[in-house]
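Protein sequence lines correspond, in order, to chains F and L. All residue numbers for the first sequence refer to numbering that gives the first Met the number 0, where the first residue is 0 and numbers rise by one. All residue numbers for the second sequence refer to numbering that gives the first Met the number 0, where the first residue is 0 and numbers rise by one. Each residue gets a CB set at the ideal place from its N, CA and C atoms; glycine is no exception. First up is the structure itself, then whatever we jot down about it.
Number of protein chains: 2
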Amino acid sequence: MPRHLNTAFAAPWDLAPTPGGDDNPLVRRLEGFAPLSQADRTLLLSHCANARSYPAQTDLARDREEPDGILVVLEGFACWHQYRQTGARQITAYLVPGDLCEWDTALIGRTDHAVSTISPCRIARISREALRNSYGAQTGLAKALRMSSLVYEATLREWVVNVGCRTALERIAHLFCELHVRLDAVGLASGLGFDLPLTQGDLAVTVGLSNVHVNRSLQALRRDRFIDLRGRRLTILDWAGLSNLAEFNPGYLRLGRAGER
Amino acid sequence: MPRHLNTAFAAPWDLAPTPGGDDNPLVRRLEGFAPLSQADRTLLLSHCANARSYPAQTDLARDREEPDGILVVLEGFACWHQYRQTGARQITAYLVPGDLCEWDTALIGRTDHAVSTISPCRIARISREALRNSYGAQTGLAKALRMSSLVYEATLREWVVNVGCRTALERIAHLFCELHVRLDAVGLASGLGFDLPLTQGDLAVTVGLSNVHVNRSLQALRRDRFIDLRGRRLTILDWAGLSNLAEFNPGYLRLGRAGER
DNA sequence: TTATCCAGTTAACCTAAGATAATGTCGGGT
DNA sequence: ACCCGACATTATCTTAGGTTAACTGGATAA
Chain F
0 MPRHLNTAFA APWDLAPTPG GDDNPLVRRL EGFAPLSQAD RTLLLSHCAN ARSYPAQTDL
60 ARDREEPDGI LVVLEGFACW HQYRQTGARQ ITAYLVPGDL CEWDTALIGR TDHAVSTISP
120 CRIARISREA LRNSYGAQTG LAKALRMSSL VYEATLREWV VNVGCRTALE RIAHLFCELH
180 VRLDAVGLAS GLGFDLPLTQ GDLAVTVGLS NVHVNRSLQA LRRDRFIDLR GRRLTILDWA
240 GLSNLAEFNP GYLRLGRAGE R
Chain L
0 MPRHLNTAFA APWDLAPTPG GDDNPLVRRL EGFAPLSQAD RTLLLSHCAN ARSYPAQTDL
60 ARDREEPDGI LVVLEGFACW HQYRQTGARQ ITAYLVPGDL CEWDTALIGR TDHAVSTISP
120 CRIARISREA LRNSYGAQTG LAKALRMSSL VYEATLREWV VNVGCRTALE RIAHLFCELH
180 VRLDAVGLAS GLGFDLPLTQ GDLAVTVGLS NVHVNRSLQA LRRDRFIDLR GRRLTILDWA
240 GLSNLAEFNP GYLRLGRAGE R
């Protein structure tokens, strides 16, 4: 059982130690994209049973004993990020429970991009070999995986827009809106609140700002009663205001009627 | 025959009016990712034969008579971009000859992201139905398409890094390095020079800067003899210097030994 | 109990880049 | 030869956000 930084907050997955069946976030997520056959579901569940725990701040690329396939986050926060030679760092994506990332050693191997945990995580790896059974283009699983990849791309485009042409306040607001929708989709939000295991420094390198300016902006968001952020818990006090500020439109996440709050 | 803005420069595709066989940029591009069967190649070529011409500045999403599938650029520059309500605009990706983009009406339909031509283009659409024939996960085509998607994702991550934590000079330098490598891979560069049908305004919304600052930065790059940019032609005068300035590492493009210049 | 560490906060100052707008250049159309 | 529109360039002033560094407070460890 992984020990979380913020055990005080009793994250949902601490209460349900062995996710199986419908509370498996991967199955839940993929079924949002396309209906899965019973065979698909049991395939996924059986591979998730082999998930391993990783401590916070751990590079998932380094132990590359696994062949090509996908890497699935079942609990905790992970991220794609890149270090520059200057020491600067940029987070380019978050992986929250139910998210997966395509793992192609041919592609990942040599780049300076890395995938790491942020908080302690449970992560499963499923080889492409294992997926191949139900991998005709017609099956629901194949379609769901394709959709998952398209949503990931759309999210990246949204992030380019975020750092490319939004103000500090808008960037942070947009990120918070996105994270809430994504976490809510896998049952990790309670109303407008959710656990957010990120430091202000993490936020800064996500959103392309300095620590100090993130701090200032968070205070502004608090002062104007958009959010409440204490400890590692974020509550959105004014969804309409925040999403309006950010021009947040959840369509790119393809989660059905999410975003109607 | 599309009329190009810069006919004065006689782009390669003007000299070879009917790309077929090996000078088809799509086939050339995909074969860089995985070996294709003869059936794969003829399939691709036959669909490229139905390509249509589009003038510059044309939204490719609007005429959505085609079903899901991929959209292939054979000639010209296109881009993904997004308008904000404020009128601001952000380009999130370029599509150059040989590039494709997955077209999923379920996904694209409602988002505010659009795909448009920049210069006049020849573009083919291939339905997913048509691809399904050789779409077992084992075939080369399927693998090449998957790689293509992974490369697109990696490029997007790189762009997030670009706008997230690089200076104006570095951003532009990085973009130029990337474009050169990509165009060179489909034979559209002659040495270190290539046609670049982008205005400074286009560059600005790509790289998250103002028109004016792009202008200043270009002058600096010219003054320091990194580049020569006149008309719509860019020549990199000092590849080592420019790629070093940008910390450009072409690995993410997965083009074999590209970048060794 | 104190020392240490880490995250968060604040303040003073600085700079890269934005905004605006005037001016220049060039090619195309008439 | 003239005008026009699209880009590019330049100058000016303004501002969002960066940098540095000091200080706080809670949590853990010794």
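Beyond the five residues adjoining it in sequence on each side, F:Glu-157 comes within less than 7 Å, by CB distance, of Tyr-251 in the same chain, given in chain order. With respect to F:Gly-200, F:Val-162 sits apart: the two C-beta atoms are not nearer than 7 Å. Annotated three-state conformation of L:Asp-227 is strand, per DSSP. In the structure shown, L:Ala-129 falls within a helical segment according to DSSP collapsed to helix, strand and coil. In the three-state DSSP reduction, F:Phe-193 falls in the strand class (E or B). Taking 7 Å as the threshold, the shortest C-beta distance from L:Cys-164 to chain F falls below it. Secondary-structure assignment with DSSP links F:Thr-234 through a beta bridge to F:Gly-192 and F:Asp-227. At least one C-beta of chain L is nearer than 7 Å to the C-beta of F:Glu-152. For the pair F:Val-185 and F:Ala-123, the CB atoms are not nearer than the 7 Å cut-off. Taking a beta-carbon distance threshold of 7 Å, F:Val-160 counts as an interface residue toward chain L.
Between F:Pro-196 and F:Arg-231, the CB-CB gap stays under 7 Å. In chain order, Gln-199, Leu-202 and Ala-203 place their CB closer than 6 Å to the CB of F:Val-213, counting only its own chain and leaving out the 5 sequence neighbours on each side. With contact defined as three or more Cβ pairs closer than 8 Å, the region 139-146 of chain F and the region 28-40 of chain F are in contact. Counting of Cβ neighbours within 10 angstroms places L:Val-211 among the exposed residues, the total staying below 16. Per DSSP, reduced to three states, the secondary structure at F:Leu-25 is helical. Contacts between L:Glu-177 and chain F, judged by CB atoms closer than 7 Å, are missing: the closest CB pair is about 13 Å apart.
Under DSSP, F:Ser-52 takes part in a beta bridge, and its partners are F:Arg-121. Using a Cβ-Cβ cut-off of 9 Å, L:Asn-210 is close to nothing in chain F; its nearest Cβ partner there is about 13 Å away. Cβ neighbours of L:Leu-254 within its own chain (closer than 7 Å, five residues either side excluded): Gly-31, Val-180 and Ala-184.
Ranked by how close their Cα comes to the Cα of F:Glu-101, the residues F:Tyr-93, F:Leu-182 and F:Asp-67 have F:Asp-67 in first place. The Cβ-Cβ distance between L:Asp-111 and L:Gln-81 falls below 7 Å. The C-beta separation of L:Leu-73 from L:Leu-25 comes to about 7 Å, placing the pair in contact by the 8 Å criterion. Identification of chain L residues near F:Ala-55 by a Cβ-Cβ cut-off of 9 Å yields none; the smallest Cβ-Cβ distance measures about 22 Å. Scanning chain L for C-beta atoms nearer than 7 Å to the C-beta of F:Ala-184 yields nothing, as the closest lies near 16 Å away. A Cβ-Cβ contact shorter than 7 Å links L:Cys-78 with L:Ile-117. A straight-line Cα-Cα distance of about 21 Å links L:Leu-59 and L:Glu-152. Around the beta carbon of L:Asn-49, fewer than 16 other beta carbons lie within 10 angstroms, which makes this residue exposed.
Excluding sequence positions up to five before and after L:Thr-154, its CB lies within less than 8 Å of the CB of Ala-92, Glu-177, Tyr-251 and Leu-252, all in the same chain and listed in chain order. Put simply, the CB of F:Arg-28 is far from chain L, with every gap to its CB atoms at 7 Å or more. With respect to chain F, the C-beta atom of L:Ala-129 has no partner C-beta closer than 7 Å. At a cut-off of 7 Å, the C-beta of L:Glu-246 has a neighbouring C-beta in chain F.
Contact annotation: L:Leu-140 and L:Leu-233 have beta-carbon atoms that are not nearer than 7 Å.
When C-alpha distances from F:Phe-76 are compared across F:Arg-83, F:Gln-84, F:Tyr-53 and F:Ala-87, the shortest belongs to F:Tyr-53. For L:Glu-101, the enclosing beta strand (DSSP E) has its first and last residue at 99-102.
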